[in-house]
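Trainee: FYI, the UniProt record's numbering numbers position 177 of the sequence shown as 177, with every residue one higher than the one before it.
No residue lacks a Cβ here, since even glycine has one placed at the ideal position from N, Cα and C.
Handing you a structure now.
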Amino acid sequence: FMNFSEFTGPRQTIFMAESDDLVHWTRLGDEYEFVQDDRWYKPMWRWDCIWAIDRPGGGLYGYWTATPKEETGGRFGFGESLDGKTWTKVTPPVARAAEGRPLSATAAMTRPWLAPGELDLTMGRYDKAGVLGRYGFYLRARIATGLKKLTVNEIVVHNRCAQPHLMPGRNEITVTLADPEVLKTSRLLVTYVYAEGTKKPGAKPRHPFDGRGYQWGKDKTVRKEVTKTPYRFTIDVAGDTPPRMKSLTRELLPR
Numbered sequence: 001f002m003n004f005s006e007f008t009g010p011r012q013t014i015f016m017a018e019s020d021d022l023v024h025w026t027r028l029g030d031e032y033e034f035v036q037d038d039r040w041y042k043p044m045w046r047w048d049c050i051w052a053i054d055r056p057g058g059g060l061y062g063y064w065t066a067t068p069k070e071e072t073g074g075r076f077g078f079g080e081s082l083d084g085k086t087w088t089k090v091t092p093p094v095a096r097a098a099e100g101r102p103l104s105a106t107a108a109m110t111r112p113w114l115a116p117g118e119l120d121l122t123m124g125r126y127d128k129a130g131v132l133g134r135y136g137f138y139l140r141a142r143i144a145t146g147l148k149k150l151t152v153n154e155i156v157v158h159n160r161c162a163q164p165h166l167m168p169g170r171n172e173i174t175v176t177l178a179d180p181e182v183l184k185t186s187r188l189l190v191t192y193v194y195a196e197g198t199k200k201p202g203a204k205p206r207h208p209f210d211g212r213g214y215q216w217g218k219d220k221t222v223r224k225e226v227t228k229t230p231y232r233f234t235i236d237v238a239g240d241t242p243p244r245m246k247s248l249t250r251e252l253l254p255r
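Here it is in structure tokens:
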């Protein structure tokens, strides 16, 4: 089975298709359309990309990109299915961090999964040659004295609508630290660089997240020094589509 999203009227919903060879696909009927449950999710914006893991006792649990209501405390969609094509929404999961520690949540993926350099139609892997673009980060360390160990963790943001992105309007940013004491000996700088987008004259984009049909302005930079934790600031973004995120830089500099 394969799930894919479409806009039907004002909503983005998920449809299902099935195949015996992963080459020829048949779209399942409208009775398999997977729509938002208004008790927990906002009816607009993201609702796509179900990633499935095995469910104890049979069937599947699914995680997908969604917009839960603020009162649920959730951050993504969560549901279950017994057959892989009929899905039931479940209350969005809430993950809480331990006192004074950053939040960490892990979901082990069993299928489909990314296997660079391999192509296996039987399990729907992706060919490395079909993954375009380059993702990474630059690290420059200025060290005074006393460093014994340095560990770097990379988090890949794979599309422009993935966090931490900005949206048109007022964006409220919160910066927290696992160890606030570090601000006594170091300066923490946070810099956003982005380009605002406006619709081209006469263009008819399919929806606000459609990059086609928009034109992009000059790069804008917002730079803040974090003086306490949590540190909050706002970024006002113009335009009528999510901006192109150029970079998010975090610098920890010795005083």
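1) Are there 16 or more other CB atoms within 10 angstroms of the CB of Pro230, so buried, or fewer, so exposed?
2) Can you tell me the Cα-Cα spacing of Glu33 and Tyr61, whole angstroms?
3) Thinking C-alpha only, which one of Lys69, Phe7, Trp216, Thr227 is nearest Asp37?
4) Where does Gly62 sit, in a helix, a strand or coil, going by DSSP?
5) Would you decide whether Met44 is buried or exposed? Buried here means 16 or more other CB atoms lie within 10 Å of its CB.
6) From Ala105 to Lys85, what distance separates their C-alpha atoms?
7) Can you look up Lys128 in the DSSP assignment and give me helix, strand or coil?
8) So Gly59 packs on Leu82, CB below 8 Å; how close in whole Å?
9) Pull up the distance between the alpha-carbon of Tyr41 and that of Gly79, whole angstroms please.
10) Can you name the residues that DSSP bridges to Pro245?
11) Thr198 and Gln215 look like a contact to me (Cβ under 8 Å); what is the Cβ gap, rounded to whole Å?
12) Can you tell me whether residue 294 is helix, strand or coil according to DSSP?
13) Strictly by DSSP, which residues pair up with Leu253?
14) Tell me which same chain residues have a C-beta within less than 6 Å of the C-beta of Leu188, skipping the five on either side of it?
15) Classify Thr221 as helix, strand or coil using the three-state DSSP reduction.
16) From Gly9 to Val237, what distance separates their C-alpha atoms?
17) Where does the unbroken beta strand (DSSP E) through Glu80 begin, and where does it stop?
18) Please say whether Asn171 and Thr234 have beta carbons closer to each other than 8 Å?
19) Smallest Cα separation from Tyr63: which of Lys228, Lys184, Val90, Val23?
20) Who are the near neighbours of Gly239 in its chain, counting only those whose CB is closer than 6 Å to its CB and skipping five residues on each side?
21) Whose CA, out of Gln12, Arg55, Met2, Leu183, lies closest to the CA of Ser19?
22) Leaving out the 5 sequence neighbours to the left and right, which residues in its chain are closer than 6 Å to Ile173 when beta-carbon positions are compared?
23) Let's see if you can read the secondary structure: which residues bound the beta strand (DSSP E) around Trp51?
24) Looking only at its chain, what residues have a beta carbon closer than 6 Å to the beta carbon of Asp179, apart from the 5 residues adjacent to it on each side?
25) Please determine, among Thr13, Lys228, Gln12, the residue with the shortest C-alpha to C-alpha distance to Thr185.
26) What residue range is occupied by the uninterrupted beta strand (DSSP E) comprising Tyr231?
27) Under a three-way DSSP split, which group does Thr86 fall into?
Mentor: Reading it off the structure:
1) exposed
2) 17 Å
3) Lys69
4) strand
5) exposed
6) Reliability fails at Ala105, whose pLDDT of 47 lies under 50, so the model's placement of it is uncertain and the value that follows must be treated cautiously. Taking the straight line joining both Cα atoms gives about 26 Å.
7) Note that Lys128 scores 42 on pLDDT, short of 50, meaning its location in the model is unreliable; the coordinates nonetheless yield the value given after this. Residue state, collapsed to three classes: helix.
8) 4 Å
9) 12 Å
10) In the sequence as presented, Pro is not what sits at residue 245; that position holds Met. Answer by DSSP bridge pairing, in chain order: Tyr194.
11) 6 Å
12) The structure shown does not extend to residue 294, since the chain is modelled only from 1 through 255, so no value can be given for it.
13) Arg187
14) Val226, Leu252
15) strand
16) 26 Å
17) 77–81
18) yes
19) Val90
20) Pro168, Glu196, Gly197, Thr198
21) Met2
22) Phe233
23) 48–54
24) none
25) Lys228
26) 231–237
27) coil
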